[in-house]
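Undergrad: Have a look at this one.
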Amino acid sequence: MCGTCGCGHHDHEEITLEQKVLAKNDRLAEENRRLLAERGITAINLMSSPGSGKTTLLERTIRDLHTTRPVAVIEGDQETRLDAERIRRTGAPVVQVNTGAGCHLDAAMLRDAYERLDPARGSLLFVENVGNLVCPALFDLGEAGKVVIISVTEGTDKPLKYPYMFAAADLVLVNKLDLLPYVDFDLATCREHVAAVNPKAEVIAVSATRGDHLEEWCAWLS
Numbered sequence: 001m002c003g004t005c006g007c008g009h010h011d012h013e014e015i016t017l018e019q020k021v022l023a024k025n026d027r028l029a030e031e032n033r034r035l036l037a038e039r040g041i042t043a044i045n046l047m048s049s050p051g052s053g054k055t056t057l058l059e060r061t062i063r064d065l066h067t068t069r070p071v072a073v074i075e076g077d078q079e080t081r082l083d084a085e086r087i088r089r090t091g092a093p094v095v096q097v098n099t100g101a102g103c104h105l106d107a108a109m110l111r112d113a114y115e116r117l118d119p120a121r122g123s124l125l126f127v128e129n130v131g132n133l134v135c136p137a138l139f140d141l142g143e144a145g146k147v148v149i150i151s152v153t154e155g156t157d158k159p160l161k162y163p164y165m166f167a168a169a170d171l172v173l174v175n176k177l178d179l180l181p182y183v184d185f186d187l188a189t190c191r192e193h194v195a196a197v198n199p200k201a202e203v204i205a206v207s208a209t210r211g212d213h214l215e216e217w218c219a220w221l222s
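Right, dumping it as structure tokens:
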């Protein structure tokens, strides 16, 4: 249960508090958006369930893009610095944000991490959100784009089970395409489910480990 988004409560007083929290967050997010735009920084909010391959995708993306544009990363996890250390080994500047019992990043956390990171002008700033397909969808960070990542091992029904997350997405990446022959996952059905909740979202199927279709992902980022 999160202490800021009220995801475990449903009575009237708690809903009112949640609305106030979200309104404050939205104001901070707009401030972040203006600040990032002034410095020519493009922030991409990466959201997924745990184990979808976000960090592996980031490692590969940084290697593919580092010669064309500065890349920086904000890593969100409840605990540990494991993912941040993986990113650090790519050579990209990274800041770790540990949320403790919190189940998502918010606009204030992004601002604090941004100030500590101080990315170069014109950077591509990846924000790897806490692994969760519910609460991160509610919180605008001030990003330029929201990307939802699912893997073929999770099943085709994720967009229908978590419609708010997929409705918020600008892009859906279907990862671990290399495992497709070994799991019960139909890519066409998954695309249909995404379109049912978000007709405007683009869908790209990739393999972060093998490199399949990552050129399409990098083209989207550009």
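Per full-length UniProt numbering, residue 1 is the first one in the sequence shown, and the count goes up by one each step.
Glycine is no exception: its CB is placed at the ideal position from the N, C-alpha and C atoms.
Please read these numbers as outputs of a predicted model, since none were measured by experiment.
1. In whole angstroms, what separates the C-alpha of residue 211 from that of residue 152?
2. DSSP on residue 192, reduced to helix/strand/coil?
3. With three or more C-beta pairs closer than 8 Å as the rule, is the region 60-75 touching the region 169-185?
4. For the alpha helix (DSSP H) containing residue 87, list its first residue and its last residue.
5. Using the three-state DSSP reduction, which class does residue 1 fall into: helix, strand or coil?
6. Can you give me the start and stop residues for the beta strand (DSSP E) that residue 138 sits inside?
7. Taking the straight line between their C-alpha atoms, what separation do you get for residue 155 and residue 185?
8. Return the bridge partner residues of residue 126 from the DSSP annotation.
9. Can the beta-carbon of residue 164 be found closer than 7 Å to that of residue 137?
10. For residue 108, which residues in the same chain have their Cβ closer than 7 Å to its Cβ, ignoring the five residues on either side in sequence?
11. Mind checking if residue 74 is an interface residue toward chain D, Cβ cutoff 7 Å exclusive?
12. Please return the same chain residues whose Cβ sits closer than 6 Å to the Cβ of residue 159, not counting the five positions on each side in sequence.
13. Across which residues does DSSP place residue 145 in a beta bridge pair?
14. Locate the beta strand (DSSP E) running through residue 202, then write down its first and last residues.
15. Check for me: the beta strand (DSSP E) holding residue 173 runs from which residue to which?
16. Using the rule of at least 16 other Cβ atoms within 10 Å of the residue's Cβ for burial, across every protein chain shown, is residue 106 buried or exposed?
TA: Short version:
1. Mapped onto the sequence shown, residue 211 falls at position 211. Mapped onto the sequence shown, residue 152 falls at position 152. Those two C-alpha atoms are separated by around 15 Å.
2. Start at 1 with the first residue of the sequence shown, and residue 192 comes out as number 192. Helix, per DSSP.
3. no
4. If you number the sequence shown from 1, residue 87 lands on position 87. Element bounds for residue 87: 82-88.
5. Residue numbering aside, residue 1 sits at position 1 when the sequence shown is read from its first letter. In this prediction, residue 1 scores a pLDDT of 49, lower than 50, which makes its location untrustworthy; no coordinate-derived value is stated.
6. The residue labelled residue 138 in the question sits at position 138 within the sequence shown. Looking at the DSSP string, residue 138 is not in any beta strand (DSSP E), and its letter there is neither H nor E.
7. Position 155 of the sequence shown, counted from the start, is the residue given in the question as residue 155. Position 185 of the sequence shown, counted from the start, is the residue given in the question as residue 185. C-alpha separation (whole angstroms): 6 Å.
8. Here residue 126 corresponds to residue number 126 of the sequence shown, with the count starting at 1. 44, 73, per the DSSP bridge assignment.
9. Taking the first residue of the sequence shown as 1, we reach residue 164 at position 164. Taking the first residue of the sequence shown as 1, we reach residue 137 at position 137. Yes, these two residues count as a Cβ contact at 7 Å.
10. If you number the sequence shown from 1, residue 108 lands on position 108. Once the five neighbours on either side are set aside, the close Cβ partners of residue 108 are 28.
11. The structure shown has no chain D; it contains just one protein chain.
12. As a working mapping, residue 159 is identified with position 159 in the sequence shown. Answer for residue 159: 166, 193, 194, 197, listed in chain order.
13. Looking up residue 145 in the sequence shown gives position 145. Partner(s): 44.
14. Counting from 1 along the sequence shown, the entry for residue 202 is found at position 202. Unbroken beta strand (DSSP E) run through residue 202: 202-205.
15. Taking the first residue of the sequence shown as 1, we reach residue 173 at position 173. Note, residue 173: beta strand (DSSP E), 171-175.
16. Counting from 1 along the sequence shown, the entry for residue 106 is found at position 106. Its Cβ being crowded by 16 or more others within 10 Å, residue 106 is buried.
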